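First to last, the protein sequences are chains A and B.
Here the first sequence is numbered in UniProt numbering, starting from 1 and rising by one per residue.
Here the second sequence is numbered in UniProt numbering, starting from 1 and rising by one per residue.
2 protein chains.
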Amino acid sequence: MSILKKIFTKSRSLNLEDGIFFDSIQAILGFAPKNLDHYKKAFTHRSTSKLNSEGHPINYERLEFLGDAMLSSVIAAHLFNKAPHGDEGYLTKMRSKIVSREHLNELGKDLNLIRFIESKVPVQHFGENIHGNIFESLIGAIYLDRGYIYCEKFIQKRVIIPYVDISRLEGKVISYKSLVIEWCQKEKKVFHYDIFEDNGIDGTRFFGVKLSIDGKVIAKARATSKKKAEEKASQRTYFALQEKMDKK
Amino acid sequence: MSILKKIFTKSRSLNLEDGIFFDSIQAILGFAPKNLDHYKKAFTHRSTSKLNSEGHPINYERLEFLGDAMLSSVIAAHLFNKAPHGDEGYLTKMRSKIVSREHLNELGKDLNLIRFIESKVPVQHFGENIHGNIFESLIGAIYLDRGYIYCEKFIQKRVIIPYVDISRLEGKVISYKSLVIEWCQKEKKVFHYDIFEDNGIDGTRFFGVKLSIDGKVIAKARATSKKKAEEKASQRTYFALQEKMDKK
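Rendered as structure tokens:
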């Protein structure tokens with residue numbers, strides 16, 4: 001509530017609804033939005049038939065184009081730096097994996113962006129791709145609102161750190177869960193995956209997982225399936241214990 | 001010579017060859033490069049078989065991937081802002097026209113970038129695409145050397161201002177030369193295209209054009225064919241006289 005209070009003090013024109021939206025967006029971005037209108041547009045579906053004062057449609061489709069371009073260039077620069085061994089073909093292939101429709105849908109779903117959608121069509125009628133599309137339009141909105149560097153920050157936080165693992169993309173690591181289990185067995189450590197339901201406010205089913213080793217929680221994760229949540233927690237555990245695990 | 005002098009004062013390790021390269025690159029970029037190594041790499045062909053200390057090849061191919069990504073995102077943002085009437089499909093189509101292989105080759109050729117190529121293969125053996133490829137790798141080098149904002153500056157100066165004209169890309173304007181001639185005839189003005197050869201230092205044929213109206217030079221241009229140079233000078237004239245010409 002303290003953040004909400006701060007906004008109201010800063011700008012009296014924000015209504016309660018905007019204040020809540022501001023908080024949610026800030027939590028997702030990891031930094032404060034400046035102009036909420038960009039983010040509202042990022043979640044406006046064409047079915048609303050909104051027009052601006054010049055008669056141009058207001059919806060997320062143009063922002064999707066912009067966000068896609070920013071995502072591609074940030075990922076390109078990341079791969080260029082992190083994979084000095086990879087040639088042009090390798091970099092192109094790795095980037096396609098990261099920005100695949102399927103992956104973007106997963107990213108949008110994990111952030112539960114669909115809760116922000118303004119539409120005349122019931123949300124259940126949308127296909128899977130809506131999740132990835134609004135993930136891209138959100139990036140477009142960040143670019144307009146805060147510029148390229150903040151786009152980079154967001155993509156670092158929400159795409160690169162949690163998901164971009166070059167070994168995995170290269171197919172060297174198939175499952176972090178099996179990596180963790182194997183290591184625990186070798187090292188005679190007791191591991192436990194504690195799974196619980198942790199649903200979204202709109203009723204979407206989510207699963208939380210706590211992975212503990214020798215009674216100590218090493219990593220937590222949340223995803224739309226038990227399997228995904230376990231894998232995510234295992235990957236985080238792997239990164240936490242990498243030095244120890246790589247020795248074996 | 002004063003710039004050269006400045007470099008030598010700043011850094012005594014620059015030899016004469018580097019000093020000349022620095023000057024040429026600075027003239028192309030419109031700002032000073034910081035680390036010449038990036039630019040040297042941008043013009044190193046794989047036929048040199050150079051390797052760095054980790055055994056990875058040194059050539060422009062990875063930079064080409066990076067530059068392509070930066071170019072796409074800068075052009076995306078430009079079109080997004082300049083064409084508020086265009087939907088996602090329109091923006092995608094316009095961008096493809098701008099970053100087409102043919103267009104990039106023309107851009108690289110106009111800057112005569114091939115003079116910087118280091119290669120074991122004779123330059124004449126390269127196909128047309130070498131021009132566009134090293135134009136892209138140059139953008140990649142700028143990104144590494146000076147960051148995204150400078151990439152944007154360069155693309156603004158070398159791609160957007162001279163070449164990106166939305167009316168033309170939409171096919172509304174077929175030829176600026178005919179536009180200029182038509183206007184001059186209507187307005188009873190005397191126009192003259194003064195064409196002369198203006199070759200590159202490496203012997204590439206270039207043509208210069210001065211377009212004057214009523215005895216006053218309005219625009220100059222230089223290109224690899226007479227027709228292109230005339231068109232470019234006409235486009236510049238159109239932009240210079242746009243207000244007057246659009247009234248008619």
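For every residue, glycine included, the Cβ atom is placed at its ideal position computed from N, Cα and C.
Treat the numbers as computed from the prediction; the structure is a model and nothing was measured.
DSSP places Val-123(A) within a helical segment (H, G or I) once states are collapsed to three. Residue contact with chain B for Ser-73(A): present (Cβ-Cβ distance below 9 Å to some residue of chain B). Comparing alpha carbon positions, the residue from Lys-227(A), Asn-59(A) and Ala-69(A) closest to Tyr-143(A) is Ala-69(A).
Contacts with chain B at 9 Å (Cβ-Cβ) include Ile-149(A). Chain-order list of chain A residues neighbouring Met-70(B): Ser-73, Ala-76 and Ala-77, by C-beta distance under 9 Å.
Of His-131(A), Glu-128(A), Arg-205(A) and Ile-155(A), the smallest CA-CA separation from Ile-139(A) is found for Ile-155(A). For Glu-64(B), the enclosing alpha helix (DSSP H) has its first and last residue at 61 to 82. Proximity of chain B to Thr-44(A) at the Cβ level (cut-off 7 Å) is not reached, the minimal Cβ distance being about 14 Å. Separation of the CB atoms of Ile-114(B) and His-131(B) is rounded to 6 Å, and the pair is thereby assigned contact status at 8 Å.
DSSP lists Phe-191(A) and Lys-216(A) as the bridge partner or partners of Ile-213(A).
Secondary structure note for Ile-117(B): it is in no alpha helix (DSSP H), with a DSSP letter that is neither H nor E. Rounded to the nearest angstrom, the Cβ distance from Ser-73(B) to Ser-72(A) is 7 Å, consistent with a contact under 8 Å. Taking a Cβ-Cβ threshold of 9 Å, the residues of chain B close to Pro-84(A) are Asn-52, Glu-54, His-56 and Arg-62, in chain order.
Taking CB atoms only, Leu-107(A) has no neighbour in chain B less than 9 Å away. Glu-64(B) is a Cβ neighbour of Ile-134(B), given a cutoff of 9 Å. Close partners of Asp-87(B) in chain A (Cβ separation under 7 Å): Glu-61 and Arg-62. For Gly-132(B), not one C-beta of chain A is nearer than 9 Å to its own C-beta. Judged by beta-carbon spacing, Lys-232(B) lies beyond the 9 Å limit of Val-217(B), meaning their Cβ atoms are not closer than that value. Chain B places no beta carbon closer than 9 Å to that of Gly-127(A), leaving this residue out of the contacts. The C-beta distance from Tyr-176(B) to Gln-235(B) rounds to 4 Å, short enough to meet the 8 Å contact threshold.
Within chain B, the residues Arg-62 and Phe-65 have their CB atoms less than 7 Å from the CB of Leu-91(A), given in chain order.
Residue burial annotation: Lys-120(B) is exposed, with fewer than 16 other C-beta atoms found within 10 angstroms of its C-beta.
Judged by DSSP secondary structure, Gln-26(A) falls within the alpha helix (DSSP H) whose first and last residues are 16 to 29. Annotation: Asn-59(B) to Val-123(B) spans about 15 Å, alpha carbon to alpha carbon. Taking the CA atoms as reference points, Phe-43(A) sits about 38 Å from Leu-107(B).
The beta-carbon distance between Gly-67(B) and Glu-17(B), rounded to whole angstroms, is 24 Å. This is too long to meet the 8 Å contact definition. Against Tyr-143(B), the close residues of chain A are Ala-77, in the order they occur along the chain (beta-carbon pairs closer than 8 Å). For Phe-80(A), the nearest CB of chain B lies under 9 Å from its own CB, placing it at the interface with that chain. Excluding five sequence positions before and after Asn-199(A), the CB atoms of its chain that fall closer than 8 Å to its own CB belong to Arg-205 and Phe-206, given in chain order.
By the Cβ neighbour-count rule, Phe-80(B) is buried, with 16 or more other Cβ atoms within 10 Å of its own. Against chain A, the CB of Gly-140(B) has a partner CB under 9 Å away; the residue lies at that interface. In this structure, the beta-carbon distance from Ile-166(B) to Lys-82(B) falls below 9 Å. Using a 10 angstroms sphere on the CB of Asp-194(A), the tally of other CB atoms stays under 16, which defines it as exposed.
Counting only the Cα atoms, Arg-95(B) lies some 37 Å from Ile-20(A).
Its chain contains Tyr-176, Leu-179, Val-180 and Met-245 as the residues whose beta carbon lies nearer than 7 Å to that of Tyr-238(B), once the 5 sequence neighbours on both sides are disregarded; these appear in chain order.
In the three-state scheme derived from DSSP, where H, G and I count as helix and E and B as strand, Gly-132(B) is classed as helix.
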